[in-house]
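All remarks here apply to the structure that follows.
2 protein chains.
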Amino acid sequence: MRNEADENTMTDIAAVYDVLVVGCGPGGFTAATQAAQAGLRTACVDQRASLGGTYLVDGAVPSKTLLDESYFYRLLQQQELVEQRGVRLPYPRLDMQAAQSALKRNIERLSKVYKCELSKNNVTVYKGTAEFTGPYCVEISQRGLGSFIVEARYIVVATGSAVIQCPGVAIDEDKIVSSDKALSLNYIPPRFSIIGGGTIGLEIACIFNNFGSRVTIIESQSEICQNMDDELACATKTLLQSQGIVFLLNTRVQSAGTNAAGQLDVTLLNKLSKNTCVHHCDMLMVSIGRRPLLEGLNISKIGLDERDFVDNVDEQTQSLLKFPHIKPIGDVTLGPMLALKAEQQATRAIQSILSTDSISTSNCGFSPNVLYCQPQIGWVGYTEQQLISAHTPYQTGKVLFSQNVRYNTLLSQKESDLIPAFIKVLVDSRNMKILGVHMINDDANELLSQASMAVSLGLNAYDICKVPFPHPSLSESFKQATQLAVASGISPSVNVRE
Amino acid sequence: MRNEADENTMTDIAAVYDVLVVGCGPGGFTAATQAAQAGLRTACVDQRASLGGTYLVDGAVPSKTLLDESYFYRLLQQQELVEQRGVRLPYPRLDMQAAQSALKRNIERLSKVYKCELSKNNVTVYKGTAEFTGPYCVEISQRGLGSFIVEARYIVVATGSAVIQCPGVAIDEDKIVSSDKALSLNYIPPRFSIIGGGTIGLEIACIFNNFGSRVTIIESQSEICQNMDDELACATKTLLQSQGIVFLLNTRVQSAGTNAAGQLDVTLLNKLSKNTCVHHCDMLMVSIGRRPLLEGLNISKIGLDERDFVDNVDEQTQSLLKFPHIKPIGDVTLGPMLALKAEQQATRAIQSILSTDSISTSNCGFSPNVLYCQPQIGWVGYTEQQLISAHTPYQTGKVLFSQNVRYNTLLSQKESDLIPAFIKVLVDSRNMKILGVHMINDDANELLSQASMAVSLGLNAYDICKVPFPHPSLSESFKQATQLAVASGISPSVNVRE
């Protein structure tokens, strides 16, 4: 299969592997571990000080940790709520230095889990950059240690993604920052504005809002959360507004810079009225999206360009059409930039190498989605709008958590009384299969697992109605909504139990 | 079917129903609602001021609410833990009066949900006591309003249960109390001792321990939690001990009384050594179990005794063999005294009346179980010990939550580092079906719902491995443990990922 002539001469090769994984985020980690566990000689190269990629080091994990901290801080400030529950509590004070130190310890701990697991499975880990010198050869450069070439039968490219720049807004990581920087700030800017109302923008908005910033989201579209079910998206916006976040919709940022007073002037264009205005803030975060990160890998050396990683990929085997032994996974590929997708692709890539049709391939189509605000927003499967467009006959059951017994025993759920936490189950009228589940509640990410089981395994509503759920639990509302969906008529009747 | 001669004369009858439900806890409520929704003329009688039964008024709900409050109070006292997360917090003070007021509001709110739902479904609700005057006739006595007789084609008996008395220990609801009283106390006794290490005893032990009592559990058996998987029971005991609860095992209470100093003297017998000693405390709670509550119903009037409700019941239709139109459900029947069971039986009872084989019948055999301490203890399906006794070949996968990403982003999970939170999945080696799931973690009651879906729907391990779980979520550990179970050899090898 391989052509020796393409390669460096044997004397240049420092090591030979079955599989070399470039990048050690969740996707790369999964690929390396699974390859090694299957007996393949495996190495992994990553240029960061800590393993785990954007996900672990400056993305999802810091974001979720700070969200948890910030909602705890927010809760403690709601003296009335706390005192009602029998705790008399003096006012708390925030110490962002301590919060950041704790966060760093947390990341280190998780990164160490990656390291230990790789080591346990005999994966060689190189800290350094990687670039192609031939289709089967990669030069690894380690800072201060020089460089060398390794050869591999298969190369998994899991190099991740980078922030997309916003025209007219130069990120200086001082006052105009990326999400990476925002998540490592050890002070709270009085006015924090965010370009982009996607998941990353919204979660970081919640963090700073809870910690006391006045937060503004600037979004060029007419609504946030475009991929959500309309009812859920509407509830999400109302929720975040009720917590103090301001939304400027249909608004484009034309430029941003520091004025004489040292504050930021951000020129905004309203897309509808065509008016411009100057918005003032102390920090501006750009989060209009991320793009595949292939720089530095020198793919042109082997005759590839970025398009080959988008258009020319065999999704069955996660292989480049031009070089089937090169397997891109995760954020460098098309589709949502989620750790879950990266892990699934990693499994598929390794299984294609092993030529196995193993059990772990998750190709159930729907990724469950969570926005980790409080209460959380979670959804999996089809939205009502998708079902209506597709002319799919469906039935709906919706339950408010305010009637759930467990919900009423939990302090942390109380604030959301303003925005009724709910769960909505969409059922196919033809076969009673569960097509979609949409919810707003504090524990959505765990309840969504049940919903994801139902949707991805093709369970039907009758199955769910048979399951004994723990009592009291929030999950009972999933069952109850499913029962209501069964009892309800055909779409678009919405059966609200209130 | 009915014999008019057995009944009162028509002139005595104040109202006639298809279904009369006696008792409005979760079972009675479910029966009444479902009967009415099916178009049956339905009435419900309950003697308490608030609907909801022991479950809502002085059992599970107050217990879970106070547990949540008490763990919040406990968390705030762990200054180091809180400050690590960036919150400088002066020491909190407990106000049990406020806590109890909040609890009462909570119960009222939930009770009102019951009331509204019954009213919405046109169920007539009588506040009063009920006693049989004939097989189809019940006399309802309303305080201050006199009594009258109603007739019904079917009578659902959902009268619940009462505390079992402990010989030698007279409950005075002052210093020697039942769980009902303990859950409504508006002060914290310095030394709080509990006879009985079952779920009720352990949960109330946690509440008072968190609020600052020195808590002792006196248990006549050699271990607590006899029905748990051994590994889980062991972890539970270690957990509660690490939080400060003292266990006196193999110990029987012979007598208890107030001494001259006004404190309680409790005489204990060690079953192994046969030694006796006197144990001092400020409050003693008796929770050695509950018994079916049939007093006042005057069942002897129609030729029944308590045995008829235990031994002579058709479980398919929830009917008394002697009078198939009388249907006992919930705590008055054999088996675990859980709201879940009562609700399932209620559904079965109403379905037998309607002669339908409806979708909602949950007869999946295994009830999920949760001990709502923190972290929670949850289990469903078979224990390892049961599988070994039955010579069932099984495989085990166990994962520590300390390696779970979501776990590491949550403040509330941190205290449990002492006792490693884990999840253990038991899989049938012959067909890979999930036989049992046992776990210790803060969100066990919601994770258990997934496990209960798997066990009760007969899903196999391969199914679970296919499901995309939200990322990051605690539920991912369920999938991971299942993957390890698949990868592991046949029992009794235990594959611990650490």
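Read top to bottom, the protein sequences are chains Z and L.
The first sequence lines up with residues -9 to 488 when you count with the numbering used here.
The second sequence lines up with residues -9 to 488 when you count with the numbering used here.
C-beta atoms are modelled at their ideal positions from N, C-alpha and C, and glycine is treated no differently.
Quantities reported herein were computed from a predicted structural model and do not represent experimental measurements.
If you ignore the 5 residues before and after tyrosine 452 (chain Z), its C-beta comes within less than 8 angstroms of the C-beta of Met422, Val476, all in its own chain and listed in chain order.
Residue state for asparagine 398 (chain L) is assigned as helix, using DSSP reduced to three classes. For aspartate 170 (chain L), the enclosing alpha helix (DSSP H) stretches over residues 169 to 172.
Cβ contact annotation for serine 212 (chain Z) (same chain, cutoff 8 angstroms, sequence separation greater than five): Leu239, Asn240, in chain order. Excluding its 5 nearest sequence neighbours in each direction, glutamate 333 (chain Z) has C-beta neighbours in its own chain below 7 angstroms: Pro16, Gly17, Thr20, listed in chain order. With respect to arginine 143 (chain Z), histidine 269 (chain Z) sits apart: the two C-beta atoms are not nearer than 8 angstroms. Not a single C-beta of chain Z is nearer than 8 angstroms to the C-beta of alanine 148 (chain L). Listed along chain Z, the residues sitting closer than 8 angstroms to serine 446 (chain L) by beta-carbon distance are Lys456, Val457, Pro458. In the pairwise beta carbon analysis, the stretch 260 to 276 of chain L is classified as touching the stretch 181 to 191 of chain L: at least three pairs are separated by under 8 angstroms. Of the other Cβ atoms in all chains shown, 16 or more fall within 10 Å of the Cβ of histidine 428 (chain L); this residue is therefore buried. Contacts with chain L at 8 angstroms (Cβ-Cβ) do not include glycine 43 (chain Z). In the structure shown, glutamine 364 (chain L) adopts coil according to DSSP, grouped into three states. Note on the stretch 107 to 131 of chain L: whole beta strand (DSSP E) runs with a minimum of 3 residues are 114 to 117, 119 to 124, in chain order.
Along the stretch 54 to 68 of chain L, the positions whose C-beta sits under 7 angstroms from a C-beta of chain Z are Lys54, Thr55, Asp58, Glu59, Phe62, Tyr63, Leu66, read in chain order. Taking the Cα positions, alanine 88 (chain Z) is about 22 angstroms away from threonine 44 (chain Z).
Of all alpha-carbon atoms in L:Ser169, L:Val146, L:Ala148, L:Val140, the one lying nearest the alpha-carbon of isoleucine 154 (chain L) is that of L:Ser169. Cβ contact annotation for tyrosine 61 (chain Z) (same chain, cutoff 7 angstroms, sequence separation greater than five): Asn200, Gln364, in chain order. Annotation: leucine 258 (chain L) to proline 462 (chain L) spans about 49 angstroms, alpha carbon to alpha carbon. The beta carbon of phenylalanine 237 (chain Z) is closer than 6 angstroms to those of Ile207 in its chain, skipping five residues each way along the sequence. With a contact defined as Cβ atoms closer than 8 angstroms, isoleucine 378 (chain Z) and isoleucine 424 (chain Z) miss out at about 17 angstroms. For isoleucine 454 (chain L), the secondary structure class from DSSP, reduced to helix, strand or coil, is helix.
Nearest to glutamine 132 (chain L) by alpha-carbon distance, out of L:Asp36, L:Tyr63, L:Gly387, L:Ala225, is L:Asp36. Excluding sequence positions up to five before and after phenylalanine 412 (chain L), its CB lies within less than 8 angstroms of the CB of Ala225, Lys388, Val389, Leu390, Phe391, Met429, Ile430, Asn431, all in the same chain and listed in chain order. Assignment of asparagine 431 (chain L) by DSSP, reduced to helix, strand and coil, places it in the strand class.
In the DSSP secondary-structure assignment, tyrosine 7 (chain Z) is bridged to Z:Ala142.
Considering only Z:Gly124, Z:Met218, Z:Lys102, Z:Arg95, the residue with the shortest C-alpha distance to valine 115 (chain Z) is Z:Lys102. Not a single C-beta of chain Z is nearer than 8 angstroms to the C-beta of proline 314 (chain L). Chain L places no beta carbon closer than 8 angstroms to that of glycine 29 (chain Z), leaving this residue out of the contacts. At a Cβ-Cβ threshold of 8 angstroms, isoleucine 139 (chain Z) and threonine 123 (chain Z) count as neighbours. For cysteine 34 (chain Z), the secondary structure class from DSSP, reduced to helix, strand or coil, is strand. What histidine 381 (chain L) touches in chain Z, judged by beta-carbon distance under 7 angstroms, is nothing: the nearest beta carbon there is about 26 angstroms away. With respect to the C-alpha of glycine 426 (chain L), the residue from L:Gly371, L:Gly187, L:Met443, L:Ile409 having the closest C-alpha is L:Gly371.
Contact residues of the stretch 363 to 381 of chain L toward chain Z are Gly368, Val370 (C-beta to C-beta distance below 9 angstroms).
Ranked by how close their Cα comes to the Cα of glutamine 74 (chain Z), the residues L:Pro80, L:Glu70, L:Lys94, L:Asp255 have L:Lys94 in first place.
Annotation: the continuous beta strand (DSSP E) that includes glutamine 385 (chain Z) extends over 384 to 390. DSSP places serine 345 (chain Z) outside any beta strand (DSSP E), giving it a letter other than H or E.
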